[in-house]
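Visitor: First the structure, which I've put down as structure tokens, then a few questions once you've had a look.
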Amino acid sequence: MRFELTILGSNSAIPANHRFPSAQVLNVMDRLYLIDCGEGTQMRMTEYQVRRNRIHQIFISHLHGDHVYGLVGLLTTMNLNGRKEKMQLFSPAGLREFLESQFFYSQVVLAYELEFHVVDDQRHQLLFEDGVVEVYSIPLEHRIPSTGFLFREKQRQRNIQPTAITEYGLSIPQIEAVKRGEAVTVADGRIIANASITLPPYRSRSYAYCSDTCYLPQLQHLLRGVDLLYHETTFLHDMVDQAVKTKHSTALQAATLARDAGVGQLLMGHYSSRYKELSPLLEEARSDFPNSVLGREGGQYSDAPEREAL
Ligand SMILES: [Zn+2]
Ligand SMILES: [Zn+2]
0 MRFELTILGS NSAIPANHRF PSAQVLNVMD RLYLIDCGEG TQMRMTEYQV
50 RRNRIHQIFI SHLHGDHVYG LVGLLTTMNL NGRKEKMQLF SPAGLREFLE
100 SQFFYSQVVL AYELEFHVVD DQRHQLLFED GVVEVYSIPL EHRIPSTGFL
150 FREKQRQRNI QPTAITEYGL SIPQIEAVKR GEAVTVADGR IIANASITLP
200 PYRSRSYAYC SDTCYLPQLQ HLLRGVDLLY HETTFLHDMV DQAVKTKHST
250 ALQAATLARD AGVGQLLMGH YSSRYKELSP LLEEARSDFP NSVLGREGGQ
300 YSDAPEREAL
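When we follow numbering that gives the first Met the number 0, the leftmost residue of the sequence shown carries the number 0, and every step to the right adds one.
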């Protein structure tokens, strides 16, 4: 029962130091959600064997190039590969115009539909839901409208005890009903109480993506208790003036927010190209929030280990 994030790009502004600009893919039970799409995203997808045809939603935080310049290429490749399914895109205003002008001058007509959803960067609201997750916006503050994304796994089903299946000779529809929490009537007419043959569902997991943004202490309420928080750590704190000026965050600020919000783990990223070596950023974050880790391209992160699903 996967809930796993793969980093495809971790640098800010430009590709440098063997790092590509921002892109991530979240896998929730084999549904893939792409978050930002900087230059190089396609190459990383190939390298890490990310299955493009499993992506049906793309979440773009803002329209700075290091978060979106990979998108026109990716969407075109999907077209060349014969994609027919609709793609839903969530972003602050302007993405439609941004993409359509490129397709217009390249004379590209996609054979599949792009469905644009404009996100209000000032509000925290439900943007999308499917069978496994709900996705909410997180209001951020940057030089242009920017939004974060909070993924919350939906309430999961109860776990049926394997011995009950053979003991009562349960059919597939009965097993499904039991997982939904229903009692079941077995062949001899007995009604079996749900609680007697199930265990509580696994804990639902959550992931928050906050990039790009200046330090916003008030986000601690909205981020309270999330399992995994990705927060940009563009600078070391000795460059806090630069961070304030460019509306970015320092490693220390991200760690302080992680600590105040009581998250499970802080995942760092969006590193300035001036940092070839990232360990000073990690040390700084850990000084305030020990469970901080560096986001590395190809790295997979999940801070919600769980028992094996039945
Ligand atoms: Zn950026
Ligand atoms: Zn930016």
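By construction, the Cβ of each residue, glycine as well, lies at the ideal position given by its N, Cα and C atoms. Every value quoted in this text rests on a predicted model; they were computed, and no experiment measured them.
Quick one: grab the DSSP three-state call for H63.
Guide: DSSP places H63 in coil when its eight states are reduced to three.
Visitor: Decide if R53 is buried, meaning its Cβ has at least 16 other Cβ atoms within 10 Å, or exposed.
Guide: Label assigned to R53: exposed.
Visitor: Taking DSSP as the reference, what is the three-state secondary structure of F150?
Guide: Of the three classes helix, strand and coil, the one that applies to F150 here is strand, per DSSP.
Visitor: For the candidate residues T146, H17 and R273, whose alpha-carbon lies nearest to that of I34?
Guide: If we check each option's Cα against that of I34, T146 comes out closest.
Visitor: Could you check whether the stretch 181-193 touches the stretch 230-246, counting it as contact only if at least three pairs of C-beta atoms, one from each stretch, sit closer than 8 Å?
Guide: The stretch 181-193 is not in contact with the stretch 230-246.
Visitor: If you reduce the DSSP assignment to three classes, tell me which class E283 lands in.
Guide: Correct three-state label for E283: helix.
Visitor: Is any heavy atom in ligand 2 found nearer than 7 Å to the beta carbon of H61?
Guide: Flag set: Cβ of H61 near ligand 2.
Visitor: Given 8 Å as the limit, is there contact between the stretch 46-64 and the stretch 19-37, that is, 3 or more CB pairs closer than that?
Guide: Touching, yes.
Visitor: According to the neighbour-count rule (16 or more other Cβ atoms, all chains shown, within 10 Å of its Cβ), is V177 buried or exposed?
Guide: By the 10 Å Cβ count, V177 comes out buried.
Visitor: Looking at the unbroken alpha helix (DSSP H) that takes in M28, where does it start and where does it end?
Guide: From DSSP, M28 is part of no alpha helix (DSSP H); its letter is neither H nor E.
Visitor: Could you give the C-beta distance for G268 and S210, rounded to a whole number, given that I count them as a contact under 8 Å?
Guide: So it is a contact: roughly 7 Å between Cβ atoms.
Visitor: Could you give the distance in angstroms between the alpha-carbon of L218 and the alpha-carbon of L256?
Guide: Using only the alpha carbons, I get a separation of about 8 Å.
Visitor: Return yes when the C-beta of A35 is under 7 Å from any heavy atom of ligand 2, and no when it is not.
Guide: Correcting the residue type first, residue 35 is Asp in the shown sequence and not Ala. Result no, Cβ not under 7 Å from ligand 2.
Visitor: Could you tell me how far apart the beta carbons of L222 and A250 are, in whole angstroms, since I believe they sit closer than 8 Å?
Guide: Not confirmed; about 17 Å, so no contact.
Visitor: So, helix, strand or coil for S195, using DSSP?
Guide: If DSSP states are grouped into helix, strand and coil, S195 belongs with the helices.
Visitor: State the start and end residues of the unbroken beta strand (DSSP E) segment that holds A207.
Guide: Here the beta strand (DSSP E) through A207 covers S205 to C209.
Visitor: So, do the stretch 80-96 and the stretch 137-157 have three or more beta carbon pairs nearer to each other than 8 Å?
Guide: At 8 Å Cβ cutoff, the stretches touch.
Visitor: Terminal residues of the continuous beta strand (DSSP E) containing F90?
Guide: In the sequence as presented, Phe is not what sits at residue 90; that position holds Ser. From DSSP, the beta strand (DSSP E) with S90 extends over M86 to S90.
Visitor: Please classify D187 as buried or exposed, where buried requires at least 16 other C-beta atoms within 10 Å of its C-beta.
Guide: With fewer than 16 Cβ atoms within 10 Å of its Cβ, D187 is classed as exposed.
Visitor: Can you have a look at G8 and say buried or exposed, based on whether 16 or more other CB atoms are within 10 angstroms of its CB?
Guide: It counts as buried.
Visitor: Pull up the CB-CB distance for A15 and C36, whole angstroms please, since I reckon it's below 8 Å.
Guide: About 18 Å separates the two Cβ atoms, so there is no contact after all.
Visitor: Starting from S136, follow its DSSP beta bridges and name the residues at the other end.
Guide: Looking at the DSSP assignment, S136 forms a beta bridge with F148.
Visitor: Going by Cα to Cα distance, which pick from A284, Y201 and E96 is closest to K153?
Guide: Residue Y201 is the option with its Cα nearest to K153.
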